[in-house]
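Colleague: Pasting a structure below so you can have a look.
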Amino acid sequence: MRRALVIAVPYFWLLALFLVPFLIVLKISLSDTELAIPPYTPTLDLSEGWAGFRAFLAALDLENFTFLTTDDLYWKAYLSSLQIAVVSTFLTLLVGYPIAYGMARADEAWRPTLLMLVILPFWTSFLIRVYSWMGILSQEGYLNQLLVGLGVISEPLTILNTNTAVYIGIVYTYLPFMILPIYATLERMDASLLEAAEDLGCSRLSAFWLVTVPLSKSGIIAGCFLVFIPTIGEFVIPSLLGGSQTLMIGKVLWEEFFSNRDWPVASAVAVILLLILVIPIILFQRNEQRQREAEGK
Amino acid sequence: MTAPAEFSPWTDPSAKPLIRFTGVTKRFGDFTAIDNVDLDIFEKEFFALLGPSGCGKTTLMRMLAGFEMPTEGLIELDGQDIAPVPPNKRATNMMFQSYALFPHLSLRDNIAFGLHREKMPKDRIAARVDEMLKLVQLEPFASRKPHQISGGQRQRVALARCLAKAPKLLLLDEPLGALDRKLREETQFELMDIQEKTGTTFVIVTHDQEEAMTVASRVAVMDHGRLVQVATPAAIYETPNSTYVADFIGDVNIIEGKAEPGDGIMGIAWAEGQPNLTGASDLTLASGATVFMAIRPEKVRISAEKPEGAANAVAGKVLDIAYLGNISTYHVELPGGQVIKAQTANTDRIARRDFTWEDAVWLSWSATAGVVLER
Ligand SMILES: Nc1ncnc2c1ncn2[C@@H]1O[C@H](COP(=O)(O)OP(=O)(O)OP(=O)(O)O)[C@@H](O)[C@H]1O
Ligand SMILES: [Mg+2]
Numbered sequence: 123m124r125r126a127l128v129i130a131v132p133y134f135w136l137l138a139l140f141l142v143p144f145l146i147v148l149k150i151s152l153s154d155t156e157l158a159i160p161p162y163t164p165t166l167d168l169s170e171g172w173a174g175f176r177a178f179l180a181a182l183d184l185e186n187f188t189f190l191t192t193d194d195l196y197w198k199a200y201l202s203s204l205q206i207a208v209v210s211t212f213l214t215l216l217v218g219y220p221i222a223y224g225m226a227r228a229d230e231a232w233r234p235t236l237l238m239l240v241i242l243p244f245w246t247s248f249l250i251r252v253y254s255w256m257g258i259l260s261q262e263g264y265l266n267q268l269l270v271g272l273g274v275i276s277e278p279l280t281i282l283n284t285n286t287a288v289y290i291g292i293v294y295t296y297l298p299f300m301i302l303p304i305y306a307t308l309e310r311m312d313a314s315l316l317e318a319a320e321d322l323g324c325s326r327l328s329a330f331w332l333v334t335v336p337l338s339k340s341g342i343i344a345g346c347f348l349v350f351i352p353t354i355g356e357f358v359i360p361s362l363l364g365g366s367q368t369l370m371i372g373k374v375l376w377e378e379f380f381s382n383r384d385w386p387v388a389s390a391v392a393v394i395l396l397l398i399l400v401i402p403i404i405l406f407q408r409n410e411q412r413q414r415e416a417e418g419k
Numbered sequence: 075m076t077a078p079a080e081f082s083p084w085t086d087p088s089a090k091p092l093i094r095f096t097g098v099t100k101r102f103g104d105f106t107a108i109d110n111v112d113l114d115i116f117e118k119e120f121f122a123l124l125g126p127s128g129c130g131k132t133t134l135m136r137m138l139a140g141f142e143m144p145t146e147g148l149i150e151l152d153g154q155d156i157a158p159v160p161p162n163k164r165a166t167n168m169m170f171q172s173y174a175l176f177p178h179l180s181l182r183d184n185i186a187f188g189l190h191r192e193k194m195p196k197d198r199i200a201a202r203v204d205e206m207l208k209l210v211q212l213e214p215f216a217s218r219k220p221h222q223i224s225g226g227q228r229q230r231v232a233l234a235r236c237l238a239k240a241p242k243l244l245l246l247d248e249p250l251g252a253l254d255r256k257l258r259e260e261t262q263f264e265l266m267d268i269q270e271k272t273g274t275t276f277v278i279v280t281h282d283q284e285e286a287m288t289v290a291s292r293v294a295v296m297d298h299g300r301l302v303q304v305a306t307p308a309a310i311y312e313t314p315n316s317t318y319v320a321d322f323i324g325d326v327n328i329i330e331g332k333a334e335p336g337d338g339i340m341g342i343a344w345a346e347g348q349p350n351l352t353g354a355s356d357l358t359l360a361s362g363a364t365v366f367m368a369i370r371p372e373k374v375r376i377s378a379e380k381p382e383g384a385a386n387a388v389a390g391k392v393l394d395i396a397y398l399g400n401i402s403t404y405h406v407e408l409p410g411g412q413v414i415k416a417q418t419a420n421t422d423r424i425a426r427r428d429f430t431w432e433d434a435v436w437l438s439w440s441a442t443a444g445v446v447l448e449r
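Chains L and X supply the protein sequences, listed in that same order. Mapped onto this note's numbering, the consecutive letters of the first sequence carry residue numbers 123 to 419. Mapped onto this note's numbering, the consecutive letters of the second sequence carry residue numbers 75 to 449.
In structure tokens, the structure reads:
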């Protein structure tokens, strides 16, 4: 009984905070737009009883989803989001792994401090940090001033409002989510494994590829998903740092909702996005579970 | 020499050692883990390192494997200074005390790991791995991961992994500690067999002095980073150079007294009103200097009457009897309160035991049975 109660609590929250809102969004995605409040029909009118419910169901259709396939803006936006997410996840891994590795190798006394430094940016608002990147990357920003001042370039670079700025913003923002899980696996690793590998004839480098990397695999996978999943739907970074050619589904969603006030289409976009994300989320869960099993011993 | 040449290169001044430590010291910060060690280990030796926990056995091995650099001194392998040679280029393999098995690889892949690095052809690797799995009796578990097997099985995998490469020098850090007695003995003989076949030189750390006695050509007893004695197992047992070594290897009675040197003989005044003990000895000591007699329990005779003509005879009473099946150990209290152990072989059935608790008995031993020691 008590056990059932304990299990019921998380399921209740899942139901309240995820499933119910999702069903509402799903319902809106099946409705039609209308100039009204709320801006869609039908709405469920329980006063008419069973007949009313049937009429309500009959009014729902997949029109909005068909619409998404007719305008190539949408699938282009999905593809472009996926591409940006994949590339920036890879870049984050490239930047994050050496940092995590360095932290795990650092003197034990230093590690809490280094960990603190990784988490420190969270103490300032995310929005402010993205705005400051605008200050750094803009035409007359700090970066261009520095590079021109050093004589590396003669003309300031155009970085802000390009995809490059979006990548920089994403890598910067999500770096801690990559570093922390990788650091956790590397820190747990027994240093004598590397000695054993060397003893058996590995060079330092091949010991890294044959032992360190496979043993941090679960951390790499976890980090990649933690970056990839939120990046696909990212809205703030592409709208502040990206340019007109930066196409991401989060931005499209925003425009449908707030500029076009087309809630049903926006909901359809969101439902598809969720379906796309379900796959990586399931894979992520499976990775976590396998990790737990491997350590369960 | 007339007898078939015995394996004892350490007695041959012209023999070239495989490993030579010259004045090797290792410090961690201001802690000295290895203290000015000079040591020669010869090819095909089975060299055992013995000593209490923390005395520096693992550190000594790690210097040979290349994971620690000596702070001072020189280590040579085949006459070459090995300091500049990285671990992966040394013709040594080490079995780690913690096993250090790769958790992401199956047992088979763990054992094959070193062979793959040698670019050995695939079929030869497979054959070699099978051979090793068979040797350590782990064939049924070949595809399991290390966390899916028992501690003793893990130890065997670690052993198989470092044996697989058949290196010139094998460093085994407590290779058999987690095995049950029967498997341990089998593996000991297996190791000796491998050694005979391949001529590999073994350096083995063990806490089990019986194991050291069984397998080793020579034993080094360590204490606080120093080598206290390096000798054959028999020499360590019969002629220890200090009470520390005598006490460390096997059971021993140690009696302290004042020296009364004679000609090739040492008298030891050990208790007031008692005749001196005597032992054969070449030690040159000042009269009255502190001296010890170490005597193994099995060399002490126990009798009801005072034995005639024994070099050493002391009276006491039986305090305790430990019956161990094949032997019995009598704990006999001397008048001064000291307890001496004497062992007798139980050749007769238990029903006929000569002595029982509180019996007055005599203990005796010859002048050559005990060892006279300075410290
Ligand atoms: N990296 C290190 N830093 C500081 N001290 C160390 C280090 N490695 C070993 N020591 C110290 O050196 C001494 C010898 O250690 P070592 O591991 O060689 O002991 P051991 O003889 O193998 O002991 P055991 O039988 O318990 O394995 C110990 O006191 C240990 O604390
Ligand atoms: Mg050790």
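A virtual CB, placed ideally from N, CA and C, is assigned to each residue, including glycine.
Mind listing, in chain order, the continuous beta strand (DSSP E) runs of no fewer than 3 residues lying wholly within the segment 132-219 of chain X?
Modeller: Taking only runs of at least 3 residues, the beta strand (DSSP E) segments lying wholly in the segment 132-219 of chain X are 146-151 and 166-169.
Colleague: Take the Cβ of residue 345 (chain L) as the centre, count every other Cβ of all protein chains shown within 10 Å, and call the residue buried at 16 or more, exposed below.
Modeller: Buried.
Colleague: Taking 7 Å as the line, does the beta carbon of residue 131 (chain X) fall inside it for any heavy atom of ligand 2?
Modeller: Yes, Cβ of residue 131 (chain X) sits closer than 7 Å to a heavy atom of ligand 2.
Colleague: Report the three-state DSSP secondary structure of residue 373 (chain L) (helix, strand or coil).
Modeller: Three-state DSSP puts residue 373 (chain L) in a helix.
Colleague: Nearest chain L C-beta to residue 239 (chain X) closer than 8 Å, yes or no?
Modeller: Output row for residue 239 (chain X): interface = yes.
Colleague: Residues in its own chain within less than 6 Å of residue 76 (chain X) by CB, not counting five upstream and five downstream?
Modeller: With a pLDDT of 43 at residue 76 (chain X), under the threshold of 50, the modelled position of that residue is not reliable, and no figure is offered here.
Colleague: With residue 304 (chain L) as the anchor, note down where its alpha helix (DSSP H) starts and where it stops.
Modeller: Unbroken alpha helix (DSSP H) run through residue 304 (chain L): 285-310.
Colleague: Indicate whether the contact test is met: 3 or more Cβ pairs, each with one atom in the segment 170-180 of chain X and one in the segment 144-152 of chain X, closer than 8 Å.
Modeller: Cβ pair count under 8 Å is below three, so no.
Colleague: Please list, in chain order, the chain L residues whose beta carbon lies closer than 8 Å to that of residue 172 (chain X).
Modeller: Correct list: 312 and 314.
Colleague: My assumption, with CB atoms under 8 Å, is that residue 231 (chain X) sits in contact with residue 241 (chain X). Please give the rounded CB distance.
Modeller: At roughly 17 Å, the Cβ-Cβ gap does not stay under 8 Å, so residue 231 (chain X) and residue 241 (chain X) are not in contact.
Colleague: Note down the Cα distance separating residue 98 (chain X) from residue 275 (chain X), rounded to an integer number of angstroms.
Modeller: The straight-line gap from Cα to Cα measures roughly 20 Å.
Colleague: Is the closest heavy atom of ligand 1 to the C-beta of residue 102 (chain X) under 7 Å?
Modeller: Flag set: Cβ of residue 102 (chain X) near ligand 1.
Colleague: Taking the straight line between their C-alpha atoms, what separation do you get for residue 125 (chain L) and residue 326 (chain L)?
Modeller: Roughly 50 Å between the two C-alpha positions.
Colleague: Compute the Euclidean distance between the alpha carbons of residue 161 (chain L) and residue 358 (chain L), then round it to the nearest angstrom.
Modeller: C-alpha separation (whole angstroms): 25 Å.
Colleague: For residue 243 (chain X), report the span of its beta strand (DSSP E) as first-last.
Modeller: Where residue 243 (chain X) is concerned, the enclosing beta strand (DSSP E) stretches over 243-247.
Colleague: Could you check what DSSP says for residue 280 (chain L) in three-state terms: helix, strand or coil?
Modeller: Residue 280 (chain L): coil per DSSP, three-state reduction.
Colleague: Could you tell me which of X:408, X:139, X:81 and X:96 sits nearest to residue 462 (chain X), measuring between CA atoms?
Modeller: Residue coverage of chain X in this structure runs from 75 to 449, which leaves residue 462 (chain X) outside it and unanswerable.
Colleague: Just to make sure I have the definition right: I need the residues of chain L whose C-beta is within less than 9 Å of the C-beta of residue 165 (chain X). Which are they?
Modeller: What residue 165 (chain X) touches in chain L: nothing, since even the nearest Cβ is about 10 Å away.
Colleague: Pick from X:389, X:421 and X:380: whose alpha carbon is nearest that of residue 399 (chain X)?
Modeller: Of the listed residues, the one whose Cα sits closest to residue 399 (chain X) is X:421.
Colleague: Looking at the C-beta of residue 325 (chain L), does it have a partner C-beta in chain X at a distance below 8 Å?
Modeller: Yes, because at least one Cβ of chain X sits closer than 8 Å to the Cβ of residue 325 (chain L).
Colleague: Answer with yes or no whether the minimum CB distance from residue 337 (chain L) to chain X is below 8 Å.
Modeller: It does: the Cβ of residue 337 (chain L) has a partner Cβ on chain X nearer than 8 Å.
Colleague: Please list the partners that residue 192 (chain X) has in chain L, where partner means a Cβ-to-Cβ separation under 8 Å.
Modeller: Near residue 192 (chain X) (Cβ distances below 8 Å), the residues of chain L are 323.
Colleague: Once DSSP output is grouped into helix, strand and coil, what is the label at residue 238 (chain L)?
Modeller: Note: residue 238 (chain L) maps to helix in three-state DSSP.
Colleague: Does residue 419 (chain L) pass the burial test, meaning 16 or more other C-beta atoms within 10 Å, or should it be called exposed?
Modeller: Note that residue 419 (chain L) scores a pLDDT of 45, beneath 50, so its modelled location is shaky; the value from the coordinates is reported in the next line. Result: exposed.
Colleague: Pick helix, strand or coil for residue 77 (chain X), following the three-state DSSP scheme.
Modeller: At residue 77 (chain X) the pLDDT is 47, less than 50, meaning the model places this residue with poor confidence; the figure from the coordinates comes in the next sentence. Correct three-state label for residue 77 (chain X): coil.
Colleague: For residue 210 (chain X), which residues in the same chain have their Cβ closer than 8 Å to its Cβ, ignoring the five residues on either side in sequence?
Modeller: If we look at residue 210 (chain X) and ignore the five residues flanking it on each side, its Cβ neighbours are 230, 231, 233, 234 and 261.
Colleague: Could you confirm whether any beta carbon from chain L is found closer than 8 Å to the beta carbon of residue 162 (chain X)?
Modeller: It does; some Cβ of chain L falls within 8 Å.
Colleague: With a threshold of 7 Å (Cβ to nearest heavy atom), would residue 171 (chain X) be considered close to ligand 2?
Modeller: The answer is yes for residue 171 (chain X).
Colleague: Quick check on DSSP: helix, strand or coil for residue 326 (chain L)?
Modeller: It is helical.
Colleague: Decide yes or no for the touch test of the segment 245-262 of chain L against the segment 277-287 of chain L: beta carbon pairs closer than 8 Å, at least 3 of them.
Modeller: The answer is yes - the segment 277-287 of chain L touches the segment 245-262 of chain L, with three or more Cβ pairs under 8 Å.
Colleague: Anyone know if the C-beta pair for residue 448 (chain X) and residue 357 (chain X) falls short of 8 Å?
Modeller: Contact: yes.
Colleague: What did DSSP end up calling residue 363 (chain X) once you bin it into helix, strand or coil?
Modeller: Residue 363 (chain X): coil per DSSP, three-state reduction.
Colleague: Within a Cβ cutoff of 6 Å, which residues of the same chain sit near residue 319 (chain X), ignoring the five residues on either side of it in sequence?
Modeller: Hits under 6 Å: 295, 302 and 303.
Colleague: Compute the minimum distance between the beta carbon of residue 279 (chain X) and the heavy atoms of ligand 2, and state whether it is under 7 Å.
Modeller: Under cutoff, so the answer is yes.
Colleague: Just to confirm, is the Cβ distance from residue 366 (chain X) to residue 329 (chain X) under 8 Å?
Modeller: The answer is yes: Cβ separation under 8 Å.
Colleague: Should residue 371 (chain X) be labelled buried (16 or more other beta-carbon atoms within 10 Å of its own) or exposed?
Modeller: Classification of residue 371 (chain X): buried, given that the 10 Å Cβ count is 16 or more.
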